[in-house]
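Q: Position in the sequence shown counted from 1, then plus 1142, gives you my numbering.
Think of the CB as a built atom: it goes at the ideal place given N, C-alpha and C, for glycine as much as any other residue.
All of these numbers come straight from a predicted model, not from anything done at the bench.
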Amino acid sequence: MEHGPPDTAERLALAALCDELRELRRECAVQTEEKRLLLSRIEAAARERRPILALLDQLLGTSGADTVRGLSSSLPGAGSGRADEETFACPDGACDRVVHAVPAGPIPRCELTGLPLISR
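(1) Between residue 1230 and residue 1246, is the Cβ-Cβ spacing less than 8 Å?
(2) Is DSSP giving residue 1194 helix, strand or coil here?
(3) In angstroms with no decimal places, state the Cα-to-Cα distance between residue 1219 and residue 1228.
(4) Is residue 1180 near residue 1197, with beta carbons less than 8 Å apart?
(5) Could you give the distance in angstroms between the alpha-carbon of residue 1160 and the alpha-carbon of residue 1189?
(6) Quick one: what's got a C-beta closer than 8 Å to residue 1233's C-beta in the same chain, skipping five residues either side?
(7) From which residue to which residue does the alpha helix (DSSP H) around residue 1231 run?
(8) Give every residue of the same chain whose Cβ lies closer than 6 Å to the Cβ of residue 1152, excluding the five residues on either side of it in the sequence, and list them in chain order.
(9) What's the gap between the Cα of residue 1250 and the Cα of residue 1187?
(10) Cutting at 7 Å between CB atoms, please list the residues of its own chain near residue 1092, excluding the five before and the five after it.
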């Protein structure tokens, strides 16, 4: 199911979710069934490119900007620079996530869809 382009806050939330999804899954695995189900709903909505910010607010007990800031406290791209051919982005352009890969290493994949990221 395809939806229109998400607004800036949703794009940031999607990028942060994808970047932190493994940690969120680990954390929710030791939480209540309600939290695990909510994370599953968030992942499904994100894969379908539906809004997720309100659901993330619920999961994290925060609101809007606090959610995005909390998820992306280790901002992608904040480290040392890399060559352009080592920088990858969302395969369908739904978010602004940027991944810096190890030179000649495997192409990173989207945590939500499993698709390979595209070279930037």
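A: Taking the coordinates as given:
(1) It is not a contact, given that the beta carbons lie outside the stated cut-off.
(2) In the displayed model, residue 1194 falls within coil according to three-state DSSP, outside both helix and strand.
(3) Per-residue confidence for residue 1219 stands at a pLDDT of 36, beneath the threshold of 50, marking its modelled position as unreliable; the derived number appears in the next sentence. About 12 Å.
(4) In this structure, residue 1197 lies closer than 8 Å to residue 1180 by Cβ.
(5) Straight through space, the alpha carbons of residue 1189 and residue 1160 are spaced by roughly 10 Å.
(6) Here residue 1233 has 1252, 1255, 1257, 1258, 1259, 1260 as same chain residues with Cβ atoms under 8 Å from its own Cβ, once five neighbours each way along the sequence are excluded.
(7) In the DSSP assignment, residue 1231 falls outside any alpha helix (DSSP H) and within the unbroken beta strand (DSSP E) covering 1229-1231.
(8) These residues qualify, in order along the chain: 1193, 1195.
(9) The alpha-carbon of residue 1250 is positioned some 22 Å away from that of residue 1187.
(10) The question about residue 1092 has no answer, for the chain in this structure spans 1143 to 1262.
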